[in-house]
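See structure below.
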Amino acid sequence: MRIPLNFFIKPLAPLLLCLFLYLPTHAQTYSPPGSPGFGDRIRYGGSIGLGFANNFFSATLAPSAIYQVNPYFATGVGLNFSYASEKDFYKSTIIGGSLIALFTPIRELQLSAEFEELNVRRNFENSLGFTDRSYWYPALFLGAGFNSGPVTFGVRYDVLYDRDKSIYGNAWIPFVRVYF
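Mapping to this note's numbering: the sequence shown position 173 is 1153, numbers consecutive.
Below you can see the structure in the form of C-alpha cells.
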C-alpha cells in the first residue's frame, strides 16, 4: 500500500505557514548593540527616616526598585517597615509593600500612582483603656512632582484615605523621591 505524499503535506501546510509568518515578526525584535539591557534599566531608591521627641521615637525604612520601561514610563515595587513608640502610651509596628507607576511626560514633571498595603499593629498600655489593634490598611496615592535628575519633590493624595485607620495624618502628603 502506497501512501500519497499529499497525505503528509496537507496537514502540515497551516503549521508551515504560521512558522514562516512568525519568523519575520520575530526578526523585528532585534536590539542594536549598546541598547540598555534589563539590569541597566533597574533603578534603586527609597526612604529612611528617624524621629525623636520627648519620650517618642520613630524609625522608617522603605526601599524600592523601579524598571525604566522607556524614557517616559517606569514601574516597580517597594517595601515598608516602620516602628514608633511613645513611653507609657503605645508601640506601633507597620510592615507592607507597594506597587509603583511613574510617568514623566516632560523632563521636569513626574506623575505617579502607588498602591500600598500595610499591616498595622498598635499596642497600647493596658491602663489607658485603649484597645490594641491589628489590621490591614490599603492606600492608593496619586501624585505629581517636580523632577530634577534622580530627585523628585512633590505631593500625593490618598484616594482611599480613612481618618480612623490611616497611619498618615492627612490624605495630602508631601514626598521626596530618589532613584539611582
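For glycine and all other residues, C-beta sits at the position ideal for the given N, C-alpha and C.
Item                                                                                                                   : Value
From F1069, S1044 and A1054, residue whose alpha carbon lies closest to that of F1036                                  : F1069
Beta-carbon gap between V1057 and L1091 smaller than 9 angstroms                                                       : no
Cβ-Cβ separation, I1074 to S1065 (assumed contact under 8 angstroms), whole Å                                          : Wrong, their Cβ atoms sit about 12 angstroms apart, outside the cutoff.
CB contact flag (S1146, A1124, <9 angstroms)                                                                           : no
Opening and closing residue of the beta strand (DSSP E) in which K1071 lies                                            : Y1070 to I1086
For Y1047, the nearest candidate out of L1059, R1021, F1121 and T1040 (CA to CA)                                       : R1021
Other residues of its chain near S1128: CB distance less than 7 angstroms, five sequence neighbours each side excluded : none
Close beta carbons around N1103, own chain, < 7 angstroms, minus the five adjacent residues each side                  : Y1070, K1071 and D1112
Three-state class that DSSP yields for S1107 in the structure shown                                                    : helix
C-alpha distance - N1173 paired with P1051, whole-angstrom precision                                                   : Outside the shown range of the chain, which is 981 to 1160, sits residue 1173, and nothing can be said about it.
Whole-Å CB distance - F1053 paired with F1083, under 8 angstroms assumed                                               : 6 angstroms
From G1149, G1134, G1026 and F1032, residue whose alpha carbon lies closest to that of P1043                           : G1026
Contacting residues, own chain, Cβ-Cβ under 8 angstroms from V1131 (five flanking each side not counted)               : V1156, R1157 and V1158
With 16 other Cβ atoms within 10 Å as the buried cut-off, status of E1094                                              : buried
DSSP three-state assignment for D1138, whether helix, strand or coil                                                   : strand
Environment of L1108 [buried if 16+ CB atoms lie within 10 Å]                                                          : exposed
Inter-residue Cα distance where the pair is G1019 and K1067                                                            : 45 angstroms
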